[in-house]
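What follows is a set of notes on a single structure, which appears directly below.
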Amino acid sequence: MSLDIESIRADFPILSRKVAGGKDLVYLDNAATTQKPQVVIDAMTRYYEQSNANVHRAVHTLAAEATEQYEAARDTLASWFGTTRDNLIFTSGTTEAINLVAWGWARSNLGAGDAVVITEMEHHADIVPWQLLAEEKGIEIRVVPIDTDQDTLDMEIFSASLSGAKLVCVVHTSNVLGVANPVADIISQSHAAGAKVLIDAAQAAPHERIDFEGMGADFVAISGHKMCGPTGIGCLLATTGCIEEMEPFMSGGDMIETVTMEKSTFASGPQKFEAGTPKIAEAIGFAAAADYLSKLDMEAVHRHIRGLATYTANELKSVHGITVYGDHSVADGSGVVSFLHDTIHAEDLARFMDAGGFAMRTGHHCAQPLLDAYGVTSTNRVSFYLYNTQQEASAFVEHLRYIVDKFGG
Amino acid sequence: MSLDIESIRADFPILSRKVAGGKDLVYLDNAATTQKPQVVIDAMTRYYEQSNANVHRAVHTLAAEATEQYEAARDTLASWFGTTRDNLIFTSGTTEAINLVAWGWARSNLGAGDAVVITEMEHHADIVPWQLLAEEKGIEIRVVPIDTDQDTLDMEIFSASLSGAKLVCVVHTSNVLGVANPVADIISQSHAAGAKVLIDAAQAAPHERIDFEGMGADFVAISGHKMCGPTGIGCLLATTGCIEEMEPFMSGGDMIETVTMEKSTFASGPQKFEAGTPKIAEAIGFAAAADYLSKLDMEAVHRHIRGLATYTANELKSVHGITVYGDHSVADGSGVVSFLHDTIHAEDLARFMDAGGFAMRTGHHCAQPLLDAYGVTSTNRVSFYLYNTQQEASAFVEHLRYIVDKFGG
Amino acid sequence: MTWPDALQEAIDTFADVFDPMERYEMLFEWAADVNELPDAEWNDSNMIHGCQSQAHVMCHLEDGLFYMRGGADAQIVQGLMAITCLAVNGRPPQEVVELQPTFVDEMGLKASLTPSRSNGFLNMFKRVQDEARSLMEGA
Amino acid sequence: MTWPDALQEAIDTFADVFDPMERYEMLFEWAADVNELPDAEWNDSNMIHGCQSQAHVMCHLEDGLFYMRGGADAQIVQGLMAITCLAVNGRPPQEVVELQPTFVDEMGLKASLTPSRSNGFLNMFKRVQDEARSLMEGA
Ligand SMILES: Cc1ncc(COP(=O)(O)O)c(C=O)c1O
Ligand SMILES: Cc1ncc(COP(=O)(O)O)c(C=O)c1O
Chain A
1 MSLDIESIRA
11 DFPILSRKVA
21 GGKDLVYLDN
31 AATTQKPQVV
41 IDAMTRYYEQ
51 SNANVHRAVH
61 TLAAEATEQY
71 EAARDTLASW
81 FGTTRDNLIF
91 TSGTTEAINL
101 VAWGWARSNL
111 GAGDAVVITE
121 MEHHADIVPW
131 QLLAEEKGIE
141 IRVVPIDTDQ
151 DTLDMEIFSA
161 SLSGAKLVCV
171 VHTSNVLGVA
181 NPVADIISQS
191 HAAGAKVLID
201 AAQAAPHERI
211 DFEGMGADFV
221 AISGHKMCGP
231 TGIGCLLATT
241 GCIEEMEPFM
251 SGGDMIETVT
261 MEKSTFASGP
271 QKFEAGTPKI
281 AEAIGFAAAA
291 DYLSKLDMEA
301 VHRHIRGLAT
311 YTANELKSVH
321 GITVYGDHSV
331 ADGSGVVSFL
341 HDTIHAEDLA
351 RFMDAGGFAM
361 RTGHHCAQPL
371 LDAYGVTSTN
381 RVSFYLYNTQ
391 QEASAFVEHL
401 RYIVDKFGG
Chain B
1001 MSLDIESIRA
1011 DFPILSRKVA
1021 GGKDLVYLDN
1031 AATTQKPQVV
1041 IDAMTRYYEQ
1051 SNANVHRAVH
1061 TLAAEATEQY
1071 EAARDTLASW
1081 FGTTRDNLIF
1091 TSGTTEAINL
1101 VAWGWARSNL
1111 GAGDAVVITE
1121 MEHHADIVPW
1131 QLLAEEKGIE
1141 IRVVPIDTDQ
1151 DTLDMEIFSA
1161 SLSGAKLVCV
1171 VHTSNVLGVA
1181 NPVADIISQS
1191 HAAGAKVLID
1201 AAQAAPHERI
1211 DFEGMGADFV
1221 AISGHKMCGP
1231 TGIGCLLATT
1241 GCIEEMEPFM
1251 SGGDMIETVT
1261 MEKSTFASGP
1271 QKFEAGTPKI
1281 AEAIGFAAAA
1291 DYLSKLDMEA
1301 VHRHIRGLAT
1311 YTANELKSVH
1321 GITVYGDHSV
1331 ADGSGVVSFL
1341 HDTIHAEDLA
1351 RFMDAGGFAM
1361 RTGHHCAQPL
1371 LDAYGVTSTN
1381 RVSFYLYNTQ
1391 QEASAFVEHL
1401 RYIVDKFGG
Chain C
2001 MTWPDALQEA
2011 IDTFADVFDP
2021 MERYEMLFEW
2031 AADVNELPDA
2041 EWNDSNMIHG
2051 CQSQAHVMCH
2061 LEDGLFYMRG
2071 GADAQIVQGL
2081 MAITCLAVNG
2091 RPPQEVVELQ
2101 PTFVDEMGLK
2111 ASLTPSRSNG
2121 FLNMFKRVQD
2131 EARSLMEGA
Chain D
3001 MTWPDALQEA
3011 IDTFADVFDP
3021 MERYEMLFEW
3031 AADVNELPDA
3041 EWNDSNMIHG
3051 CQSQAHVMCH
3061 LEDGLFYMRG
3071 GADAQIVQGL
3081 MAITCLAVNG
3091 RPPQEVVELQ
3101 PTFVDEMGLK
3111 ASLTPSRSNG
3121 FLNMFKRVQD
3131 EARSLMEGA
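Chains as they are written, first to last, in my numbering: chain A, 1 to 409; chain B, 1001 to 1409; chain C, 2001 to 2139; chain D, 3001 to 3139.
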């Protein structure tokens, strides 16, 4: 099945926008957040216009409809991610999902001297929570470096760092380099060493189906907004065993069983970690995004995105003064291309590209240690998604050549 | 200025819905969550259709628009709540706001033996976080009881409990009784005793303008969804001094200054507590809700709601077998009326009312200790908002009389 | 799904009634016919958790067939228990385990009014099936 | 707001240009005319924090009037500094403190492209005003 990109584009209202004095918007900042198809926007509007009510606790029609839709969203997403509703905890995104593992699981299951393995390739969301926990609990953090020649994790050091580790936290797919890590190998080695594994799938989930049970990780963190869903929602997938080992993180309504002034007891399962009025419309929108993606051939989507990234990386390499980071010849990975020009400042380049209608990102991409490893403080980054076209990629390269010719002297 | 309720109703699309086989929806579960006016729904749709991008970090047109709208939302809300942008931290709601005070402020500023004063009138969201903190840090919790004859806090015990207290956490307006507590008095007594004050304004903010600086509390917690805003958003208002005393809670992107593998430094101000991709559309929708309310005469709104509640409470008192909780003759307070029939089970009553098109709540309202104080395990609760009419209140009373006549024998 | 005759009859009768209030009244009439579990027999071990109302159920086998009695303080829950009795009593426990709870929806009784974990009816139905399963295994 | 003549002239010229690329090119031409702070004088104390680019500014009073020089590694930031020089140099520090940064928007230069805390231009402008304020108080 091949993709009909034009019909996909028609599903995304924002793509017909003009910017920079009438130019077509070419949105190439998808690793930061993706655009939303009409069906996702409509699902939330419909909820607010027809069924809005607080969930779980009331005996009236709207509350019943809202609860059914909210819990159906959990079912839809759980099945899209290869698991069941009892293993999906709604969070506000990947960041909160990782914090939930740190505060809810690691904090009560790890102690002084226990080691947590992370990598130099992690997003700040998968670094800072561990640093804060390490400070508080005397946990040891071991960092697996990047082999900057291969643009991959140094798997020898990874293996060596596992001895006595209790938790391994690895980004599935880098948001800067686009490389996908050998997740299956990482999980099986970690498990063999007796460590649990947390996979940051923020960049992977938009591109390929996450099969939680097949993958075998203990925790997987995902953001809705990076996969056609709304802002403010994401989830943590966790095994039943791990959920049972977790202590409450946020507390309040909806996560309790009974409350007295002396002592409270807690709900079991995902509910225990979903305090307060839930992100109801957001969960419904997130599920609509999964439904939308489920109608596409995700392997074709992945091939399409990779094709654009590989093309762009190769073209950029031939532009005078441009350095491309990461290896775009490998088959997996995402649609991210990071690069720098040796004389045009990244911020200038981004503004020049914006003036041509091209939205790309500039900065440290919340991955300062990774950039440090490459000896830079920021990169320009384009990232593709399912609605981007070959024509857009070509136009991007062309405008960039023009800029470099003009200002790169 | 009097309110034009019919024109207000026309702003809320859901109010024209039919339920229970064609009956008009009479939505009286507003203390749980309010309905959304079209302008709020549209603000979010417009954001997704025209300006969606991740905020704060990119140099392109959409990112600039998204950031401007998101930060303008902060300005709008800060000014609506009588403070400035540097004192407003976005959270997912009241629950997260209170947890942020517990984990971000109390956890690093209170120690073993320090006392936190709470009340029997609190919502679980303002009880459970303190219990968990107390367990961890050896903090003492002092509980101010309700005087169930007066339906008010026992202010003598309140005053007596202040000695040596470091933090006082009080619900502004009860979600079960509708009573408003003497917040000004509570704050001045607490400050005199050297304690900081957290006010749970989940039920107050929808009804009256919260003037943070005028009120003088140290922390105020608010939910968007209870005041015409979307789900998944709320805020914590906090003084600059308190914000400076707070340690990071959730961590990751957007709240850091620099990250290295050895150590990270943090942003200052609200940003430090807003880790990860923000709830962008939600913030914009929440601000649209404040804009909507700002066009109404909030004092007239409050009078209108109080009028409906007082009428309903009085009528219900005259229905055979009904007990009404709380004192509805006082001028402040919200639009909540809790009651029980002595033979018709609360759940049956709610279903019978639902069959007539009336959405009311049944249960413990996440305030089990309060219900314990009254010796009940659940109540029926109706709660009014600005779009409810006298006609709806009358129809409610009439249908209830019919039910009681039929099944209350 | 095809239902036992007595249940199908109930479904048909209820489905004819358009007004939800009337359906509730009809439910109470049906409920009156079915053997209730009196308060006196309510205890912690036969209590159903996770309901807004107090609800209790006792089950047993007779000649290898399944029978339940139920009691609740909420009348509608009591009525739904009566309907459940129609659905399960006198059937082999294996069939009880395989039954779908959707008959209540077909009757227009909106069991889903208290959805998810506080859904009294679904919690009750699950408990009945659990009992059928363990009676079957015990047999 | 009324602007100093030199600035108003710049605003008018820029506002006439529709294409953003052309505006940037024009910005670089103007920037060439204005005295830059050379790399050699960049240090921690004159660095502006919170920019994506490296940016430095030095300010002083001459006969009671305010003067700044600025340097940045990003050309556009350098250009915006040059425009800011047009806006502030040779004016009483009090006027500098009261100036609104909106002239950049009027020029269609979208200073807001890097909004909030990472907005290099706004951080720079704020720094210039802070310097003007302290020079004024020191005077
Ligand atoms: C008084 C009070 N506090 C706190 C909350 C919790 O608010 P949320 O669920 O929006 O976090 C509520 C609402 O349920 C409430 O009424
Ligand atoms: C690899 C990776 N991890 C974590 C995150 C954080 O996701 P969010 O900001 O949605 O919480 C991101 C996105 O910025 C990411 O790319």
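All C-beta atoms, glycine included, are put in the ideal place defined by N, C-alpha and C.
Would you identify the three-state DSSP class for Gly-1408 of chain B, choosing helix, strand or coil? Correct three-state label for Gly-1408 of chain B: coil.
- Leaving out five residues before and five after Gln-3078 of chain D in sequence, what residues of the same chain have Cβ atoms less than 6 Å from its Cβ? Closer than 6 Å at the Cβ level, and outside the excluded window around Gln-3078 of chain D, lie Ala-3031, Ala-3072.
Note to self: Does Leu-236 of chain A come out as helix, strand or coil in the three-state DSSP assignment?
What the structure shows: Per DSSP, reduced to three states, the secondary structure at Leu-236 of chain A is strand.
- Query: By Cβ distance, which residues of its chain are closer than 7 Å to Ala-3006 of chain D, with the 5 residues on each side in sequence left out?
  - Reply: Hits under 7 Å: Leu-3086.
- Could you name each continuous alpha helix (DSSP H) segment of 4 residues or more that falls completely within the region 3075–3116 of chain D, going from the start of the chain to the end? If we require 4 residues or more, the alpha helix (DSSP H) runs fully inside the region 3075–3116 of chain D come out as 3075–3088, 3093–3098, 3103–3106.
Point to revise | Limits of the beta strand (DSSP E) - the one that Gly-1307 of chain B falls within | key: In the DSSP annotation of this structure, Gly-1307 of chain B is not part of any beta strand (DSSP E); the continuous alpha helix (DSSP H) holding it starts and ends at 1298–1317.
_In the DSSP assignment, the beta strand (DSSP E) including Phe-1090 of chain B goes from what residue to what residue?_
The continuous beta strand (DSSP E) containing Phe-1090 of chain B extends over residues 1088–1091.
Inset, instruction - Sort B:Gly-1178, B:Ala-1331, B:Gly-1335 by Cα distance to Tyr-1385 of chain B and report the nearest one. - result: Of the candidates B:Gly-1178, B:Ala-1331, B:Gly-1335, the one whose C-alpha sits nearest the C-alpha of Tyr-1385 of chain B is B:Gly-1335.
Practice item. Determine the burial state of His-3060 of chain D: buried for a count of at least 16 other Cβ atoms within 10 Å of its Cβ, exposed for fewer. Key: Answer is exposed; the Cβ neighbour count stays below 16.
Do Met-1255 of chain B and Ala-1287 of chain B come within 8 Å of each other at the CB atom, strictly closer than that value? No. Outside cutoff.
- [ ] Step through the CB atoms of chain A and report whether any lies within less than 8 Å of the CB of Lys-1137 of chain B.
- [x] Under the 8 Å criterion on CB atoms, Lys-1137 of chain B is classed as non-interfacial with respect to chain A.
| query | Would you say Glu-398 of chain A faces chain D, with C-beta separation under 8 Å as the test? | reply | So, not an interface residue.
Note to self: In the DSSP assignment, the alpha helix (DSSP H) including Thr-3013 of chain D goes from what residue to what residue?
What the structure shows: Bounds of the alpha helix (DSSP H) holding Thr-3013 of chain D are 3005–3015.
task = Kindly indicate if chain C contains any beta-carbon less than 8 Å away from that of Gly-1356 of chain B.
result = Put simply, the CB of Gly-1356 of chain B is near chain C, with a gap under 8 Å to one of its CB atoms.
Exercise. Of all Cβ atoms in chain C, is any one closer than 8 Å to the Cβ of Ala-1031 of chain B?
Worked result: Chain C, which has no Cβ nearer than 8 Å to the Cβ of Ala-1031 of chain B, makes this no.
Run through chain G and tell me which residues come within less than 7 Å of Gln-3075 of chain D, C-beta to C-beta. Going by chain labels, chain G is absent from the structure shown, which instead holds the protein chains A, B, C and D.
request  = Please report how far the alpha carbon of Met-3107 of chain D lies from the alpha carbon of His-225 of chain A, in whole angstroms.
outcome  = Roughly 34 Å between the two C-alpha positions.
Taking the alpha-carbon positions, what's the Tyr-311 of chain A to Val-330 of chain A distance?
Here the C-alpha atom of Tyr-311 of chain A lies approximately 13 Å from the C-alpha atom of Val-330 of chain A.
### Message
Under 7 Å: does the beta carbon of Gln-2008 of chain C sit that close to some heavy atom of ligand 1?
### Response
At a threshold of 7 Å, Gln-2008 of chain C does not count as near ligand 1, since its beta carbon sits no closer than that to any of the ligand's heavy atoms.
Fill in: DSSP state of Cys-1366 of chain B mapped onto helix, strand, coil
Coil.
### Task
Could you have a look at Cys-228 of chain A and say whether DSSP puts it in helix, strand or coil?
DSSP places Cys-228 of chain A in coil when its eight states are reduced to three.
| task | Check each candidate in B:Gly-1333, B:Val-1376, B:His-1341, B:Ile-1187 and name the one with the smallest Cα separation from Thr-1152 of chain B. | result | Ranking B:Gly-1333, B:Val-1376, B:His-1341, B:Ile-1187 by Cα distance to Thr-1152 of chain B puts B:Gly-1333 first.
- Using a Cβ-Cβ cut-off of less than 8 Å, list which residues of the region 1355–1387 of chain B approach chain C; keep chain order. So the list reads Ala-1355, Gly-1356, Thr-1362, Gly-1363, Ser-1378, given in the order they occur along the chain.
Review point. Starting from Leu-3037 of chain D and walking both ways along the alpha helix (DSSP H), at which residues does that stretch end?
Key: Boundaries for Leu-3037 of chain D: no alpha helix (DSSP H) harbours it, and the DSSP string shows neither H nor E there.
For Ala-20 of chain A, return the contacting residues in chain D, with the cut-off set at a CB-CB distance below 7 Å.
Those are Pro-3020, listed as they occur along chain D.
I'd like to know whether the C-beta of Ser-3116 of chain D is nearer than 8 Å to at least one C-beta of chain A.
With a pLDDT of 47 at Ser-3116 of chain D, under the threshold of 50, the modelled position of this residue cannot be trusted, and the question is left open.
Let's see if you can read the secondary structure: which residues bound the beta strand (DSSP E) around Ser-1174 of chain B? In the DSSP assignment, Ser-1174 of chain B falls outside any beta strand (DSSP E) and carries neither an H nor an E.
Discussion item. Let me make sure I understand the geometry here. Which of B:Tyr-1402, B:Met-1250, B:Asp-1405, B:Tyr-1387 has the alpha-carbon closest to that of Glu-1025 of chain B?
Written reply: This sequence places Leu at residue 1025 of chain B; Glu is not what is there. Here the closest residue by C-alpha is B:Tyr-1387.
With H, G and I counted as helix, E and B as strand and the rest as coil, what does DSSP make of Ile-1146 of chain B? Assigned with DSSP and collapsed to three states, Ile-1146 of chain B falls in strand.
Between the C-alpha atoms of Ser-3116 of chain D and Pro-1278 of chain B, what's the straight-line distance to the nearest angstrom? Unreliable positioning characterises Ser-3116 of chain D in this predicted model, as indicated by a pLDDT of 47, which lies under 50. A coordinate reading is not provided.
### Query
Start and end of the alpha helix (DSSP H) containing Ser-1094 of chain B?
The question names Ser, but residue 1094 of chain B is Thr in the sequence shown. For Thr-1094 of chain B, the enclosing alpha helix (DSSP H) starts and ends at 1094–1100.
Q) CA-CA distance, Ser-1378 of chain B and Leu-1340 of chain B? A) C-alpha separation (whole angstroms): 8 Å.
Taking 8 Å as the CB-CB limit, is Tyr-2024 of chain C close to chain B? Taking Cβ atoms only, chain B reaches closer than 8 Å to Tyr-2024 of chain C, which makes this a yes.
Contacts of Ile-41 of chain A in chain B (Cβ-Cβ under 7 Å): Contacts between Ile-41 of chain A and chain B, judged by CB atoms closer than 7 Å, involve Thr-1045, Tyr-1048, Glu-1049 in chain order.
- Query: What's the gap between the Cα of Ser-251 of chain A and the Cα of Glu-3095 of chain D?
  - Reply: Going by the C-alpha atoms only, they are around 52 Å apart.
Within 8 Å of any Cβ in chain C, is that where the Cβ of Arg-1351 of chain B sits? So, interface residue.
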